[in-house]
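**Q**
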Amino acid sequence: MNTIVSEKKNTHINTYPITGMTCAACASSVESVLTNINGVTKANVNFASNSVLVEYDDSIKNTDLQSRLRSAGYDLILNVENPLEIQDDLQHKYYQKIKSRTIWSAILTLPIFIIGMFFMKWIPGKWISLGLALPVLFYFGKGFYINAWKQAKHKKVNMDTLVALSTGIAFLFSLFNTVFPDFLNTRGIYPHVYYEAATVIITFISLGKLMEEKAKSNTSSAIKKLIGLQPKTLKIIFNGIEQEIPITSVQKGNTIVVHPGEKIPVDGIVTSGHSYVDESMITGEPIAVAKNDGEKVYAGTVNQKGNFQFKALKIGNETLLSQIIKMVQEAQGSKAPVQKLVDKIAGIFVPIVISISILTFAAWMINGGDKAFTHALLTSIAVLVIACPCALGLATPTAIMVGIGKGAESNILIKDAESLELGHKVTAVILDKTGTITEGKPTITNFSWENNANQDELSSVLMSIEAKSEHPLAGAIVKKFKEMGTTPVDLINFESITGKGVEATDFKGQKFYVGNLKLIQNKNITLNEALITKAKLWQEEAKTVIFFASDKQVYAVIAIADKIKSSSKHAIKKLINKGIKVYMLTGDNNQTAKAVAKEVGLTNYKGEVLPSDKADFVKNLQTQGQIVAMVGDGINDSQALAQADVSIAMGHGSDIAIDVAKITLITSDLESIPKALSLSSLTVRGIRQNLFWAFIYNLIGIPIAAGILYPFNGFLLDPMIAGAAMAFSSVSVVANSLRLKSIKF
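The letter at position 468 of the sequence shown is residue 468 when you use the UniProt record's numbering, and the numbering goes up by one with no holes.
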């Protein structure tokens, strides 16, 4: 169960695993029962994931929801440490139960079928069939009748209602003809029995549910894989001794030790030791990351060769892995706009089918001739059986679940189904510059030494000066020299010159300066033409130029810039090739914006943009009829992200941006954006295919079951064939959704 306290005062949003649902109409019933409780403002059921998201106020307790649903034949899983594991266990038991029920139903139904098809006038066969049919219908199939009765008590109907009515009527009619055969014989009508129809319907529907449960479990495989990344136990240091404890017992502040090859259990910060950690599940990068004192580590990532200890900072539902799992769960439980319409249709579908069945019966009784009653009975039963709303109800959520799961496997986390549905309609993409198109951290792009400079000695001096500097660009220079193995030297004086740079004196008494051109000019330091030319060229490329000099001459010119990601240009080209307009908005100056836009192939860009200006830019595009996707990583992007039709956050960005955005890219690779839009196209195509087949199936199947072909060719659909067709429709829809897993995007 995931619990969120919303921004609304005294309002809570919980996601609960739910049991007892057997069809899409059940989902509608659960929603209806919950929303009719005073204090519940919203209930969204996902039939495919067997979960319900409920929004309610403080006047409601979890047990109130549970007791109300139990009275309607359903149940919520509450107050357990691992509700998903409990639900998974219950689903496994339910699957085994359906499997056993189906096998025994098939074993008992086979002789009934043989008798009904080939020995239909054998009198003892009718009694044998009656004896075999009783356990099939009222033991192995009792769930259909129990659930239908519970629904009826609440003035609701669902798929179980259709099954119970059709098989119940067929059985009672057959029972009457078995016990009182003379009633029809004296009227010139042979007393047929339809035990085979009733039992085959139960068997086929049970088989369909068996296949459906198996397929549905596959759609949630992404969640199971994510949950499997977290270990069940961990090792802590207590009183200097290493102890293994369950992960549920860990506390914030505990010192945890991780050995080679072990998964990191919770989020924290390294306190001692050194190792490399495989963080590919978070970043998508295959190269392990070095971890030293002060470095952050995350649950689910894998330690490589070294040992280290870290302090637990985030545990339980607070860890990054848990947040990822929660986002995927909520997304799979959310409803696409098309699904809300489908749910309404499913809710009224069963009453309509019952009405059609009654009309079919009446029409045959009036116009059926000598066999009016027999045909009326069979056709009305066939209508009830073939009109399964399960295929309709599974059409959208199964495709959404597979799409979101496939996205999660590709480092694309989708928070809600609406974004997944809208993605393929996007006509304009707005990109932030820093941290989105660029890497978001300054690095040295160019470095040029004066010909007579002693590079080894001067490198040590420059590194030592920048190590003392508080300028944000100084770190890039220090990092570069560290990577080169440069050794720092002692400085006897260091002074910051506001707006220009720094001045320092080494142990020999030599003065050095690091700063901008103004500093060099103010100190009247010689600067040769070659270095001036390079500095001007780099400045035109919107790079920050730093000069390193003594009091006599400039020794080096350094260009620092926020490096453009290697994938940015190609990703932007892909979007443009899709016919999408791509814009870049940045708070940086226009010269930098122009240089970056030119390098990545963009003609639409704007610099010196405030956060509110970004949101206004989104609004302006929307008023022009554009479907806008906003991509950003900072707090300054959150307003525009909230305004956009589809909001995408970079996974390394601020928590606020990630919270606001409906899609999060765990990797910093912009190639994930066209991937996310392609995933939307594939998923929506799958939904449309599913809905087409679900609707066309009912449009064709119900009239045939009602006997529309009988006047032309004498064909009547046998109820047991209708049961087989109904089962196949649900399985075919789920199978089509699962097909998405194998499609590359």
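Backbone N, C-alpha and C fix where the C-beta goes; we use that ideal spot for every residue, glycine too.
(1) Determine the burial state of L709: buried for a count of at least 16 other Cβ atoms within 10 Å of its Cβ, exposed for fewer.
(2) Classify M484: buried if its beta carbon has 16 or more other beta carbons within 10 angstroms, exposed otherwise.
(3) Just the C-alpha distance for T438 and T586, rounded to the nearest angstrom, thanks.
(4) Indicate the three-state DSSP secondary structure (helix, strand or coil) for E31 in the structure shown.
(5) Mind checking E503: buried by the 16 CB within 10 Å criterion, or exposed?
(6) Among K511, K552 and I558, which has the Cα closest to the Cα of T533?
(7) Taking the alpha carbon of I169 as the point to measure from, which residue in S129, A376 and P260 has its own alpha carbon closest?
(8) Tell me the DSSP bridge mates of L665?
(9) Measuring straight from C-alpha to C-alpha, what distance separates K335 and A676?
(10) Over what stretch of residues does the alpha helix (DSSP H) that includes K126 continue unbroken?
(11) Would you kindly work out how many angstroms separate the C-alpha atoms of I269 and D293, rounded to a whole number?
(12) Evaluate Y139 with the Cβ neighbour count: other Cβ atoms within 10 Å of its Cβ, from every protein chain shown; 16 or more gives buried, anything less gives exposed.
(13) So, does the segment 590-604 touch the segment 688-705, judging by three or more C-beta pairs under 8 Å?
(14) For Y16, does the three-state DSSP call read helix, strand or coil?
(15) Provide the residue span of the alpha helix (DSSP H) that contains G475, from first to last.
(16) Rounding to the nearest angstrom, what Cα-Cα distance links D278 and A629 in this structure?
(17) Between the C-alpha atoms of E457 and T487, what's the straight-line distance to the nearest angstrom?
(18) Going by DSSP, name the residue or residues bridged to L432.
(19) Do V684 and I580 have their beta-carbon atoms positioned less than 8 Å apart in this structure?
(20) Could you tell me the alpha carbon to alpha carbon distance between F481 and N454, rounded to whole angstroms?
(21) Any idea if D160 is buried or exposed, counting beta-carbon neighbours within 10 angstroms, 16 or more meaning buried?
(22) Based on DSSP bridge pairs, tell me the residues matched to I256.
(23) Let me know if G625 comes out buried or exposed under the rule of 16 or more other beta-carbons within 10 Å of its beta-carbon.
(24) Please state whether the Cβ-Cβ distance between I77 and T19 is less than 8 Å.
(25) Considering N713, what are the terminal residues of the alpha helix (DSSP H) in which it resides?
(26) Just list the residues that DSSP pairs Y56 with in beta bridges.
(27) Residues bridged to L491 by DSSP?
(28) Assuming V45 and A72 are in contact, meaning their beta carbons sit under 8 Å apart, how far apart are those beta carbons, in whole angstroms?
(29) For the beta strand (DSSP E) that contains Q251, what are its first and last residues?
(30) If you follow the beta strand (DSSP E) that I546 is in, where does it begin and where does it stop?
(31) Using the C-alpha atoms, what's the distance from L234 back to I245?
(32) Which class does S275 belong to by DSSP, given the choice of helix, strand or coil?
(33) Sort L413, D64, D551 and G707 by Cα distance to A661 and report the nearest one.
(34) Determine the burial state of V383: buried for a count of at least 16 other Cβ atoms within 10 Å of its Cβ, exposed for fewer.
(35) Do three or more CB pairs link the segment 47-63 to the segment 126-133 at distances below 8 Å?
(36) List the endpoints of the continuous beta strand (DSSP E) containing S469.
**A** Result, derived from the coordinates:
(1) exposed
(2) exposed
(3) 11 Å
(4) helix
(5) buried
(6) I558
(7) A376
(8) I412 and M650
(9) Residue placement at K335 cannot be trusted, given a pLDDT of 48 that sits under 50; the coordinates are not used to answer.
(10) I123 to P135
(11) 8 Å
(12) exposed
(13) no
(14) strand
(15) A474 to M484
(16) 31 Å
(17) 9 Å
(18) Looking at the sequence itself, residue 432 is Asp, so the reference to Leu does not match. For D432, which the question treats as bridged, DSSP gives the partners L585.
(19) no
(20) 15 Å
(21) buried
(22) I236 and F310
(23) exposed
(24) yes
(25) Y710 to N713
(26) H12 and V40
(27) D506
(28) Going by Cβ atoms, the distance from V45 to A72 rounds to 12 Å, so no, they are not a contact pair.
(29) Run containing Q251: none; DSSP gives neither H nor E here.
(30) T544 to S550
(31) 6 Å
(32) strand
(33) L413
(34) buried
(35) no
(36) Run containing S469: none; DSSP gives neither H nor E here.
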